[in-house]
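Using numbering that gives the first Met the number 0, you'd call the opening residue of the sequence shown number 0 and step up by one each time. Ideal Cβ positions, reconstructed from N, Cα and C, are used throughout, including at glycine.
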Amino acid sequence: MALNCVWMVVFDREIMEAALAVLFTMCVTLYICMFISYRKLDQSVQVLEKQSRFSDVWLTRMLVQNGLGIYATWCTVGTHLNLAFVLVFRSAHDISNQDACTIALGILSAIIVLSIVTDWFFLDRFSRYTFTPYLVLVVAFAESLSKNYEEGARNTIFTIVLLAVSGVASVVKFIFLVYRHC
Numbered sequence: 000m001a002l003n004c005v006w007m008v009v010f011d012r013e014i015m016e017a018a019l020a021v022l023f024t025m026c027v028t029l030y031i032c033m034f035i036s037y038r039k040l041d042q043s044v045q046v047l048e049k050q051s052r053f054s055d056v057w058l059t060r061m062l063v064q065n066g067l068g069i070y071a072t073w074c075t076v077g078t079h080l081n082l083a084f085v086l087v088f089r090s091a092h093d094i095s096n097q098d099a100c101t102i103a104l105g106i107l108s109a110i111i112v113l114s115i116v117t118d119w120f121f122l123d124r125f126s127r128y129t130f131t132p133y134l135v136l137v138v139a140f141a142e143s144l145s146k147n148y149e150e151g152a153r154n155t156i157f158t159i160v161l162l163a164v165s166g167v168a169s170v171v172k173f174i175f176l177v178y179r180h181c
């Protein structure tokens, strides 16, 4: 929360480079928190289930891990928005708003694809019940389209593709969750 407060101050003061660094640090710390939560629950789930503390397991999965997933995903999207601000307003090179947004969307799309692959195939044991990041991406891209839709524009098409990928990934994640749980 301290980093969030610092980010709000530096962003309000329009110190964009510092805001980007703080937001990136916030993302890293949130993903570390998610990793710790996944690891600790995995280490203690058998003991908790043996003690019939199923509600503790499910509350951790649904509230803690999905809550961290929401926060971390929003921060990841926000970091890339901040990156676009820095590229447009603070870069030594003359980068247009459209080019900066394309760069930010490109990096974000690579992160999304990497996250989906690792979540579904390598970290499923830990993150099987964390579905909120997918929903956050759908909301973020849908909201971006509702505010910035421009027929035929490069970034509009890019955002539509990312929205479609996020929507399909949400459905597939839910199918994997149900199939692998049963």
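Sequence-distant Cβ neighbours of Thr72 in its own chain, meaning closer than 6 Å and more than five residues away, are Pro132 and Val135. Here Tyr148 is exposed, its C-beta having fewer than 16 other C-beta atoms within 10 Å. Beyond the five residues adjoining it in sequence on each side, Leu2 comes within less than 7 Å, by CB distance, of Val21, Thr24, Met25 and Thr28 in the same chain, given in chain order.
In its chain, beyond the 5 residues on either side, Lys172 have a beta carbon closer than 6 Å to the beta carbon of Phe130. About 20 Å separates the beta carbon of Ile110 from that of Thr155, a gap too long to meet the 8 Å contact definition. By the neighbour-count criterion, in which a residue is buried when 16 or more other Cβ atoms sit within 10 angstroms of its Cβ, Asn96 is exposed. Ranked by how close their Cα comes to the Cα of Ile31, the residues Ala152, Arg52 and Tyr70 have Tyr70 in first place. The beta strand (DSSP E) runs of length 3 or more contained entirely in the segment 82 to 119 do not exist; there are none. In the three-state reduction of the DSSP assignment, Ile14 falls in the coil class. In summary, Tyr37 is buried, with 16 or more beta-carbon neighbours lying within 10 Å of its beta-carbon over all protein chains present.
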